[in-house]
Structure formats: structure tokens, C-alpha cells
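Asker: The listed protein sequences correspond, in order, to chains A and B. Sequence positions in the first sequence follow the working numbering and run 1 to 480. Sequence positions in the second sequence follow the working numbering and run 1001 to 1451. Don't be surprised by glycine CBs; every beta carbon is placed ideally from N, CA and C. Please find one structure pasted underneath; my questions will follow.
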Amino acid sequence: MEEKNSFVREVAEKKYEYGFVTDVQTDIIEKGLSEEVVRLISSKKGEPDWLLDFRLKAFRYWQTLEQPTWGHLKMPPIDYQDISYYADPTVKKGNDKKEIDPELIKTFDKLGIPLEERMALAGTAVDAVMDSVSVKTTFREKLQEAGIIFCSISEAVREHPDLVREYLGSVVPYKDNFFAALNSAVFSDGSFVYIPKGVRCPMELSTYFRINARGTGQFERTLIVCDDNAYVSYLEGCTAPMRDENQLHAAIVEIVVKENAEVKYSTVQNWYPGDAEGKGGVLNLVTKRGHLRGANSRLSWTQVETGSAITWKYPSCILSGDGSQAEFYSVAVTNNYQQADTGTKMIHLGKNTKSTIISKGISAGKSQNSYRGLVRVASSADGARNYSSCDSLLLGSSCGAHTFPYMDVRNDTAVVEHEATTSKISEDQLFYCNQRGISTEDAVGLIVNGYAKDVLNKLPMEFAVEAQKLLGVSLEGSIG
Amino acid sequence: MSSEKQYIDLFAECRSLIDEHSAPVMNALREDAFVAFQTLGFPSRKIERYKYTDVVAAFAPDYGVNLKRIDFRVNPYEVFRCGVPNLSTSLYFMVNDQFADKAVTRPSMPDGVVIDSLCKVARERPELINKYYGTLARARKDAINAINTMLVQDGLFIYVPKGVVVDRTIQVVNVLRADMDLMVNRRVLVVLEEGAQAKILFCDHSMDDHEFLTTQVSEVYVGENAHLELYELEETHVRSKRFANMYVDESRNASATIDSITLNNGLTRNRTDVSLSGEYSEINMYGCVVADKEQHVDNNTLIDHKVSNCQSNELYKYVLDDKAVGAFAGRVLVREGAQKTVSQETNANLCATKTACMYSQPMLEIYADDVKCSHGSTVGQLNDAALFYMRQRGIPEEEARLLLKFAFVGEVLDSIKLDALRNRLHFLVEQRFRGELGKCSGCGPNACSTR
């Protein structure tokens, strides 16, 4: 028992390894939110009038809204006036703006995201975003040869205004919800991806988000447009320093998929989850949605959620192209006092559309983990097909696992299936492993990894390895 | 608040009249319910539990209320042209919310068993009613409870004392009968004491073509080691609206089966909340809905596993045609410490037309780790291969579809333990699918075997 306890302590102490703070000069605007702040952000980015208009409309609409409370979450009150909405760590007095502070390079190195192209993992282009600004986007030139645009959204606004104007807010309008309106008003950086017709993106694209500055929130905005017959695989990773305050992260991801195109979007979310007493941590309140506009288009969301004090997100798909297919694979792990209310929405509009939902929840400690999902089949969606499977694994007697699926079916040719199970790791399985000399901790790790395998298999290779390790770390100390 | 206003005004004006024709035990809770109703108002569709039914619209029209307790005469033998063959039951009638004492001869019951008008028993033995009335169905928790508690004057009381086993099925036929559009507020109290056993069948029928709005609040207590089978069959008409809340509480080692079958209706919303508050208690809930035209059936259930070692099992099946709307929201709550819970929930639905609409929402909320819980839900159509197989063997398509639909709901009907009732329901459902059951055909006892 003593041995076990010391092991537990050891793990608890080392747990979040990305919790360091980078000491870098950062240009942070005053805390508070008003029209002036929105104008200030827009002017700092040198944005055109139409975008400022968009921001102001969103801001005015946001002011009429109240923060929703329907999630199965105990949310600390958020003071929206006590957050700084813009923090730029790339500003260095007197220096050439193009040169990146070596501290920043070091930071991303430490996170395993080398910004030097020669050092980078072969086949992955990275857009590194810290606080409100994109630090660097690698392999841009190489991608440009194929006609692919991969840059920060601020650059895209400057260089490809027509494209951005056409698609921004077309999947997630600013009136969508409270956090979408807030993001639309104050969004800072994020990635913009455009894959032209018939191009298969030769490498994985990825964005790495990092919150660094104290008292700020991150409001990134990602827009991916995949034109006819194109293909792209996109990865997203995120971390934040350990702080005892809650930091807000309210992002929007919009994906447009056209005829015969395919987009794979993978997330390994590892925001700081707060300490063992539930103090601090990131509030992850994001809106992610893909619109499958073209016939036979495909979109798959894969997410591994291990971080954040609170996760409230539903990567969704609107299947309006005939024969389009959408997939959602999710592993959500909560430990200590973490709370997650996550799932997906599949809105079937086109004929013969197909969606699959595989969700695996793992709760430990005193955490609460909910799956909430909607499958809607409109009367136009003849031959629509959905299969959902949601499993929950409980480790410990004080955690909670909940399932809230919604099915709205208005078509007589649709087939919608949902199944869910909740259980703990069986004594038999543990005993079997113990008997063969595998310690209980290792056995739980094995079983959990096996349980999440369906989802982990869907991740690109490098991510899968990271995700597997992450699962292990997140759950260590929760057994016993 | 316009929908609420007429009820608030009605209560404020006619309070003494309501009190006068009811019992002090029931009157005692009115004030609280009135306050609760004023604060709650009717739930809008933004309230999660009322997402699928528009309560405000249902309560908006002006209905008559029989506050003066005028007797509506019915001849039960006229109401029902057909019976459940071979099902010998102890038969009781309720006309709207009144216990029809004179309609049929009273069946004999074991000593101590009470089956009577709630108001009457509340006047004669207030201590018995007081112990149970309003303790499960709290007015402050739900607007339907509130309005019912506020306006209700009578209902049914079933009491089975300690250790008594009632062998014969107790059949209660609720008849809706009026010369104008009518609102009916009915209260049902069922108490099974320790070790008691009973089988109860409720049949809802409507006699007249008028519009009916029924609120029914039932409180069911199943004592230690007691065993209850409760069947509810609704066969009313398209102009009938029903809001029924049932609260069931089970003590240690108790077991209950609740079957709810909706064959003909207008708008139905059944809320069933089951508390498993004693260890080793068990609940089986079954539901079967056959709806077409513009019928609306919304079943909302909650099974609350409060303690460890309890079992729950839930199965609801819907067949929807035309413009029918079906909704099923089943929540299973396993509280902290309710270890060794076993729970299974299934909802399967058949949509036969493009205009029919099904909402399914099976929910699990679990705060204990040593549990085995699962749920499943499907919406689909008849199996093409099976249809083809039957047509290949010379069964006309229409007939083949009927057979498959029939087999689909058969799973729920087969859960009925009373042989005669099960057979009768098989027959009724078949009739229903063939469209021959336009009006309720009833399940009275002494009827002829031909229609």
C-alpha cells in the first residue's frame, strides 16, 4: 500500500508537463470588453472595414445574449470584463518584426513543435499560435507550389480577402450561440487552409495553440475550405501554463467540404486541467462545425480530450451534399475535478447521407464526463443512416458518467441506431493481468488503451503515439 | 401568462365550491399548489422535460369544469360492445373523475382492501390518505402536479393492506363523458403495504365526441416485499388530451411492472417517475405506442436508483404513421453509492411515413462506478428482406407489412403477464393496424364475442 501511495504521489507531482510559462515580452491590451476593444483588435491587425463590421455586429448581438446554462457542468462565473482579449508575444521593441524571439522558438521546441523546417517531423506543416498571434507557419512555400494556402487567418484576411469573406461565418454564423458571438467579435489568430480543386495535400497540416500570458483568453478562429475532389488531414494540439486562475478559450472552427472532397480533423486537446483540488485550468468552450456541401464529401472529426477544467464542445457536421459521410470519434478523459460535456451533432439533409459516432468516455477521481449528441434526420434526407455508440468507463466511486443522446427523425427511410453502455473495469480482467505479473496500474493502462483503441486508431501516427501516452498520464494516480 | 390566467381566475373565484365538494385532506394542499402554479406557470418547450409537447397550447382553450359534481349518467354495458374474453376481473368504473359507485355491482375483495372514491375515503379515514397524499407528487416540482392538486376534487384510492394478495385483476375503466368540452382532473392513489400483491388494469375511454383535457396525477407506493403489476391502456379519440404524471416509490425487495399502451389518442403526455428507494427493488417498464393521423404521444420517464443492488429494465416501442409525432425521453439516474445497479433501457421505433416524426432521447446519468448500465435506441423501417421473403411466399405486401409491424410491437405485448389481457391486446393491436379500431372498442367484461 505504501509503495502504491508513493507512486501515486510521484505521478501527481509530475502530471502536467506543459505547465511552464515563457518569459517573453508580450503586448497585452487592457482588460475589458467594449466596442473600443473590438475596434482596437481590428486595427492592431490592420483589418478591412467589412471585417470590422462583422466583428461589431457580432459584438452587439453578443451583448443581447446570456451565457447558456444547459450543460451538465458546474461552471465558475466568468467575468468577461476581467479578461484581456489580445496578447501579442511576437512584439519586440526595436527589432525586425519578422525575426522570432528565440524564447518563443524554445517554447515550441519544448512542446515538441520545432519551428525550424529542417528539424520538423517529415510531412507535417505547422502553424504555431501563441496567445492571440500566429508565431510562424512552416512549409508555406512548399505548400504554395501545390496551390494550397496555409497561413494564419490574419494573413489570409490581407492576402486572400475574397476567400475569407466568402467563407467566414458561413458555417458558424455569429448568431449561432453565445460563445460563437463572442469569438466572432474578438477572434484573434487561427489558421486558414484552402485546398484547391483536385489537390491532395501532400503533408499533414497542423496548428499548435498555446496560451501563455496571464489573465488572457484565447479566441482563435480556424477556417478550412476543401474544394472539389481535394483532400486534407489537419491536426490541432493545445497546451497552457499551470495557473490558479481559470483561463477562457472560446474558439471557432469552420470547415467547408465540397464535392468528393475529404477532410480529416484531429485534435489532441491538452489544455491545463487545473490542479488536483480543481483550482485553475482552462475553460474550453468551443464551436466546431463542418458543412459537407458537395455530393459524396467526407469529413471526420477525431478528438482526444484529456485536458481543460471544463470542456464544452460539440464538433458537428451538416450533411447537405447527397451521399456525404461524416464520422466522429472521441475519447474524453476526465480526472480530479475536471468536467466534460462533449459530443457531436449530425444534421442529415442530403439523400443517402451516412454518419458514425463512436464516443468513449473515461471518468476518474471526482470528475463528471457527459456525452451529449444530436442526430437529426430531416424529411429531405432519404436513405440517411446513422450509427452511434457511446461507452463510458468509470474508475472510482465518486466520478460520474452521463449520456444524453437526442434523436430527431423525420424520414421514413432513415435508419438511426444508438447504443450506450456504462461500466467499470471488471475484476476478472484485472485479476487476469495481475495473475500474469502485470501490476494493477499497468493493467488499467492496458485496458483503457484497448477500450479507446477504436478512436486512437483513427488518429494520424504521430498523434496516436502522443495520445496514448497522454491517456496514461491523465489517468495515473486515479487507481487504488 | 395568458394560458395560466383562466386557471388562476377559476381557482380564485371557485375556491369554496371546489373545497365544498372535496375532502379536507385534499383541500389542505390547495393553497401551496396555487402558489406553486402561479410561480411555475405552464412549462414552455424550452424546459428540457417538456421539449416535445406544447403544454401552453393544450391548456389554452376554454374547457368546462364539473366543479359542482353533477352526475354524468352512463350505462357501462352500453359503453362497451366487446370485452376481454376469459379475463375475469374485479371491475370498477370512473366517469371522468368520479367513482361510479352505482354503475355496477361491487366485486368482493379480501378483508381490508379498499377500492373507492378518493374523496370519500379522505372524508371517512383522513389519517390513511394524509399519510400518502401529495408526498410523492410535489406541486412545487411540476406545473401539472400543481394544477391538478389545485383543482382536483376526487379520484381513485386503492389500498391493499399488509400481506394481502389480491388474486383477481382489478380493472378500472375511466370513461370520459360530457355534453361539452370538458377538463377532468383526476387523482389516483395506490398503496400496497408490506408483502401485498395486486394486479391493476386501467383502461381509458372516451364516450363523446367532445374535446377532453385530462390531468391525472398518480402516486403509487409499493411497500417492502410487495409486488405490483400495473397496466394502462389508452383508447380515447383524437380530440382528447391527456397529461398524466405517475410517481412510483418502491421499498426494499419490492417489484413492480408498469405497462403503458397507447392505441388511440389525441395528445398524450405521460410522465413516469420511479424511485427505487429500497435495496433489491426492481422495476420493469414497458410501453407500446401505435399512432397515426396527427396523434402525439410523449412518454417521459425517470428511473431513480437511490440505493444499491436495484434493477431496472425499460422497453418502449413506437409505430408511427401519417403525421403522428412520437417522443420518448427516458432518464436513468444512478446516485452516488447506488453500487451494483443493473439497468437496461431500450427504445425502438418504426416510422412508416415521411411526415411522421420521432424524437428519442435515452439518457444515463451515473454517479457510481460498480454498475452495469446500457441503453439502446433505434429508428428505422420494416426489414426489406423479410418483406421480400413473405411476398415470395405469396403473402400480399400489405399483409406482410402488417405482420412485421405486429411482430415489432409483439415484444412489448408479450411482457404482459395476464394471458387473457395479452391475447386481447394482440387482437386490439391487430385491429388497430388494420384501421378497424377507429373508435375505442373497449374492454368491458360481460360483452359478447362478436363486434
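Could you tell me whether the Cβ of B:V1342 comes closer than 8 angstroms to any Cβ of chain A?
Answerer: Taking the second sequence and counting its residues from 1, one reaches residue 1342 of chain B at position 342. It does not; no Cβ of chain A falls within 8 angstroms.
Asker: Use the C-beta contact count for A:P528: other C-beta atoms within 10 angstroms, 16 or more gives buried, fewer gives exposed.
Answerer: Only positions 1 to 480 of chain A appear in this structure, which leaves residue 528 of chain A out of reach.
Asker: Quick one: does A:N411 have its CB under 8 angstroms from some CB of chain B?
Answerer: Here residue 411 of chain A corresponds to residue number 411 of the first sequence, with the count starting at 1. Chain B contact via Cβ: present.
Asker: In chain B, which residues lie with their C-beta within 9 angstroms of the C-beta of A:V448?
Answerer: To locate residue 448 of chain A, count along the first sequence from 1; it is residue 448. Those within 9 angstroms of A:V448 in chain B number zero; the least Cβ separation is about 14 angstroms.
Asker: For chain A, is any of its Cβ atoms less than 8 angstroms away from the one on B:A1400?
Answerer: Counted from its first residue, the second sequence places residue 1400 of chain B at position 400. False, the Cβ-Cβ gap to chain A never drops below 8 angstroms.
Asker: A:W70 lies in the beta strand (DSSP E); which residues open and close that run?
Answerer: For this step, residue 70 of chain A is matched to residue 70 along the first sequence. No beta strand (DSSP E) contains A:W70, which DSSP labels as neither H nor E.
Asker: Candidates B:A1324, B:A1327, B:G1266 and B:E1314: which alpha carbon is nearest B:E1345's?
Answerer: If you number the second sequence from 1, residue 1345 of chain B lands on position 345. Among B:A1324, B:A1327, B:G1266 and B:E1314, the Cα nearest to that of B:E1345 belongs to B:E1314.
Asker: Looking only at its chain, what residues have a beta carbon closer than 6 angstroms to the beta carbon of B:V1188, apart from the 5 residues adjacent to it on each side?
Answerer: Along the second sequence, one-based indexing puts residue 1188 of chain B at 188. Contacts found: G1155, L1156 and S1218.
Asker: For a cutoff of 8 angstroms on Cβ pairs, would you count B:E1314 as touching chain A?
Answerer: Translated into the one-based positions of the second sequence, residue 1314 of chain B becomes position 314. Answer no: the Cβ-Cβ gap between B:E1314 and chain A never drops below 8 angstroms.
Asker: Identify the contact partners of B:H1296 in chain A, using a Cβ-Cβ distance below 9 angstroms as the criterion.
Answerer: Taking the first residue of the second sequence as position 1, residue 1296 of chain B is located at position 296. Residues of chain A passing the Cβ test: none, with the nearest at roughly 14 angstroms.
Asker: Helix, strand or coil: which one does DSSP assign to B:Q1381?
Answerer: The residue given as residue 1381 of chain B occupies position 381 in the second sequence. Coil at B:Q1381, not helix or strand.
Asker: What does DSSP give as the partner residue(s) for A:I224 in the beta ladder?
Answerer: Locating residue 224 of chain A in the first sequence gives position 224, counting from the first residue. Answer is A:V193 and A:I255.
Asker: Using a beta-carbon distance cut-off of less than 9 angstroms, what residues from the segment 1353-1366 of chain B approach chain A?
Answerer: The residues in question are T1353, K1354, T1355, A1356, C1357, M1358, Y1359, S1360, Q1361, P1362, M1363, L1364, E1365 and I1366.
Asker: Can you list the residues of chain B that A:F404 reaches, using a CB-CB cut of under 7 angstroms?
Answerer: For the purposes of this step, residue 404 of chain A is taken as the residue at position 404 of the first sequence. Within chain B, the residues near A:F404 are M1363.
Asker: Taking the DSSP output, what are the residues bridged to B:R1331?
Answerer: The residue labelled residue 1331 of chain B in the question sits at position 331 within the second sequence. DSSP lists B:L1302 and B:M1363 as partners of B:R1331.
Asker: Which residues of chain B have a Cβ atom closer than 7 angstroms to the Cβ of A:K424, listed in chain order?
Answerer: Against the first sequence, residue 424 of chain A aligns to sequence position 424. Under the 7 angstroms cutoff, chain B gives D1369 and D1370.
Asker: Would you kindly work out how many angstroms separate the C-alpha atoms of A:K469 and B:G1134, rounded to a whole number?
Answerer: Here residue 469 of chain A is taken as the residue at index 469 of the first sequence, counted from 1. Here residue 1134 of chain B is taken as the residue at index 134 of the second sequence, counted from 1. Each residue's alpha carbon lies about 55 angstroms from the other.
Asker: Please name the residue in B:E1004, B:G1163, B:V1025 and B:R1030 whose C-alpha comes closest to that of B:R1015.
Answerer: Numbered from its first residue, the second sequence carries residue 1015 of chain B at position 15. Taking only the C-alpha atoms, the option nearest B:R1015 is B:R1030.
Asker: Taking buried to mean at least 16 other C-beta atoms within 10 Å of its own C-beta, is B:M1180 buried or exposed?
Answerer: If you number the second sequence from 1, residue 1180 of chain B lands on position 180. It counts as exposed.
Asker: Does DSSP put A:R9 in a helix, a strand or coil?
Answerer: Position 9 of the first sequence, counted from the start, is the residue given in the question as residue 9 of chain A. Because A:R9 sits at a pLDDT of 42, beneath the cut-off of 50, its placement in the model cannot be relied upon, and the following sentence gives the value as read from the coordinates. Helix, per DSSP.
Asker: Mind the definition here: the segment 1390-1410 of chain B touches the segment 1231-1241 of chain B only if three or more C-beta pairs lie below 8 angstroms; say whether that holds.
Answerer: With a cut-off of 8 angstroms, the segment 1231-1241 of chain B and the segment 1390-1410 of chain B do not count as touching, because too few Cβ pairs lie within range.
Asker: Does B:Q1216 have its Cβ less than 8 angstroms from a Cβ in chain A?
Answerer: As a working note, residue 1216 of chain B is residue 216 in the second sequence. With 8 angstroms as the cut-off, B:Q1216 does not count as an interface residue toward chain A.
Asker: Using a 10 Å radius around the Cβ and a threshold of 16 neighbouring Cβ atoms, would you call A:Y272 buried or exposed?
Answerer: Taking the first sequence and counting its residues from 1, the one referred to as residue 272 of chain A is at position 272. Answer is buried; the Cβ neighbour count reaches 16.
Asker: Count the other C-beta atoms from every protein chain shown that fall within 10 angstroms of the C-beta of A:M461, then say buried if there are 16 or more, exposed otherwise.
Answerer: Within the first sequence, numbered from 1, the residue matching residue 461 of chain A stands at position 461. Answer is exposed; the Cβ neighbour count stays below 16.
Asker: Would the beta-carbon of A:H418 fall within 8 angstroms of that of A:A381?
Answerer: Counting from one through the first sequence, the residue named residue 418 of chain A turns up at place 418. Counting from one through the first sequence, the residue named residue 381 of chain A turns up at place 381. Against a cut-off of 8 angstroms, the Cβ pair of A:A381 and A:H418 comes out as no contact.
Asker: Using a Cβ cut-off of 7 angstroms, pull out every chain B residue sitting near A:D408, in sequence order please.
Answerer: Looking up residue 408 of chain A in the first sequence gives position 408. By Cβ distance, chain B contributes Y1359.
Asker: Let me know the secondary structure DSSP gives A:S233 once reduced to three states.
Answerer: For the purposes of this step, residue 233 of chain A is identified with residue 233 of the first sequence, where counting begins at 1. Three-state DSSP puts A:S233 in a strand.
Asker: Could you tell me whether any Cβ in chain B is nearer than 8 angstroms to the Cβ of A:G396?
Answerer: Mapped onto the first sequence, residue 396 of chain A falls at position 396. So yes, A:G396 belongs to the interface.
Asker: On the criterion of 16 or more Cβ atoms from any shown chain inside 10 Å, does B:K1417 qualify as buried, or is it exposed?
Answerer: One-based indexing of the second sequence puts residue 1417 of chain B at position 417. Flag for B:K1417 reads exposed.
Asker: For B:N1027, which option in B:G1163, B:L1151, B:E1211 and B:E1193 has the closest C-alpha, if you only look at C-alpha atoms?
Answerer: Along the second sequence, read from residue 1 onward, the residue named residue 1027 of chain B stands at position 27. For B:N1027, the nearest C-alpha among the options comes from B:L1151.
Asker: What do you get for B:K1199, buried or exposed, if any count of 16 or more other CB atoms within 10 angstroms of its CB means buried?
Answerer: By one-based count along the second sequence, residue 1199 of chain B stands at place 199. Flag for B:K1199 reads buried.
Asker: With distances taken between CB atoms, is the gap from B:F1212 to B:V1184 smaller than 8 angstroms?
Answerer: Working through the second sequence from its first residue, we reach residue 1212 of chain B at position 212. Working through the second sequence from its first residue, we reach residue 1184 of chain B at position 184. Yes, the Cβ-Cβ distance between B:F1212 and B:V1184 is below 8 angstroms.
Asker: Going by DSSP, which residues form a beta bridge with B:L1183?
Answerer: Locating residue 1183 of chain B in the second sequence gives position 183, counting from the first residue. Residue identity check: residue 1183 of chain B is Met in the sequence provided, not Leu. Its beta-bridge partners are B:V1065 and B:L1213.
Asker: What is the C-beta distance between B:I1283 and B:E1250, in whole angstroms, given that I count them as a contact (C-beta under 8 angstroms)?
Answerer: As a first step, residue 1283 of chain B must be located in the second sequence, where it is residue number 283. As a first step, residue 1250 of chain B must be located in the second sequence, where it is residue number 250. That belief holds up - the Cβ atoms of B:I1283 and B:E1250 are roughly 7 angstroms apart, short of 8 angstroms.
Asker: Just the chain A side, please: which residues come within less than 7 angstroms of B:V1289 by C-beta, in chain order?
Answerer: Here the question's residue 1289 of chain B lines up with position 289 in the second sequence. The contacting residues do not exist; B:V1289 stays about 15 angstroms from chain A at best.
Asker: Would you call the segment 1087-1104 of chain B in contact with the segment 1358-1367 of chain B, where contact means no fewer than 3 C-beta pairs closer than 8 angstroms?
Answerer: Counting Cβ pairs under 8 angstroms, fewer than three are found: no touch.
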